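Engineer:
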Amino acid sequence: MSAEPSAVHDADDSMTVLGPGTHFEGLLTFRGRARVDGELVGEIAGHGQLVIGAGAQARARVVVDELVVAGEIEGNVCARQRVELLATGCIRGDVETPRLSIAEGGRLLGRCTTGPAARTQGGPAAPAIPRASRPRSS
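In my numbering, the protein residues as written are 1301 to 1438.
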């Protein structure tokens, strides 16, 4: 029997979970699905869906494919596919995503860039410099 993990992960229905009462500090990376129901401080980087459960608190920069928020996030968010902010959810920070859904009662306290203008390659962009203010090239 090999001690190496299986190379087939797509057929696996597993989920990374930080349960209620859990406190995590640092970088959380995942592939597939992840759920936070406790407290996380740091950064989250994943390929797949991240769920921030009701009652969960994340003080983190978040870069994922899909994000569903029922708890609270304090930090900038970049979702390569979509963000769904549920009625109990709150994001305090800037959001970049091609698709955004906010349920009645959901709170977004920050700037938001959606649709084709969303630059979903790793995080919120720096503010654009107006054309008239750009330095001239020599």
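C-beta atoms are modelled at their ideal positions from N, C-alpha and C, and glycine is treated no differently.
Computed from a predicted model, the values in this text were never measured in an experiment.
Using the rule of at least 16 other Cβ atoms within 10 Å of the residue's Cβ for burial, across every protein chain shown, is G1338 buried or exposed?
Structural biologist: Start at 1 with the first residue of the sequence shown, and residue 1338 comes out as number 38. It counts as buried.
Engineer: Does the contact criterion of 3 or more C-beta pairs under 8 angstroms hold for the segment 1348–1367 versus the segment 1375–1390?
Structural biologist: Touching, yes.
Engineer: Suppose you measure from the CA of R1335 to the CA of D1394; what does that come to, to the nearest Å?
Structural biologist: To locate residue 1335, count along the sequence shown from 1; it is residue 35. To locate residue 1394, count along the sequence shown from 1; it is residue 94. So the alpha carbons of these two residues sit roughly 21 angstroms apart.
Engineer: So what does DSSP say about A1379, is it helix, strand or coil?
Structural biologist: Here residue 1379 is taken as the residue at index 79 of the sequence shown, counted from 1. Three-state result, A1379: strand.
Engineer: Looking at A1379 and the ligand SAH, is the gap between the Cβ and the nearest heavy atom below 6 angstroms?
Structural biologist: The ligand SAH is not among the ligands present in this structure, which contains no ligands whatsoever.
Engineer: From E1366, E1374, G1355 and R1333, pick the residue whose C-alpha is nearest to that of I1410; which is it?
Structural biologist: If you number the sequence shown from 1, residue 1410 lands on position 110. Just to set this straight, residue 1410 is Gly in the shown sequence, not Ile. Of the candidates E1366, E1374, G1355 and R1333, the one whose C-alpha sits nearest the C-alpha of G1410 is E1374.
Engineer: What residue does the beta strand (DSSP E) around G1346 start on, and which one ends it?
Structural biologist: The sequence position of residue 1346 within the sequence shown is 46, counting from 1. Taken as a continuous stretch (DSSP letters only), the beta strand (DSSP E) holding G1346 covers E1339 to I1352.
Engineer: If I'm right that A1370 touches G1353 with Cβ under 8 angstroms, what's the distance once you round it to whole angstroms?
Structural biologist: Position 70 of the sequence shown holds residue 1370. Position 53 of the sequence shown holds residue 1353. Going by Cβ atoms, the distance from A1370 to G1353 rounds to 6 angstroms, so yes, they are a contact pair.
Engineer: Give the straight-line distance between the Cα atoms of E1372 and R1399, rounded to the nearest whole angstrom.
Structural biologist: Locating residue 1372 in the sequence shown gives position 72, where the first residue counts as 1. Locating residue 1399 in the sequence shown gives position 99, where the first residue counts as 1. Approximately 19 angstroms, taken between the alpha carbons.
Engineer: Give the straight-line distance between the Cα atoms of C1412 and Q1357, rounded to the nearest whole angstrom.
Structural biologist: Here residue 1412 corresponds to residue number 112 of the sequence shown, with the count starting at 1. Here residue 1357 corresponds to residue number 57 of the sequence shown, with the count starting at 1. Answer to the nearest angstrom: the Cα atoms are 20 angstroms apart.
Engineer: Nearest-angstrom Cα distance between E1404 and S1314?
Structural biologist: Your numbering for residue 1404 matches position 104 in the sequence shown. Your numbering for residue 1314 matches position 14 in the sequence shown. Approximately 31 angstroms between the Cα atoms of the pair.
Engineer: Does DSSP classify A1417 as helix, strand or coil?
Structural biologist: For the purposes of this step, residue 1417 is identified with residue 117 of the sequence shown, where counting begins at 1. If DSSP states are grouped into helix, strand and coil, A1417 belongs with the helices.
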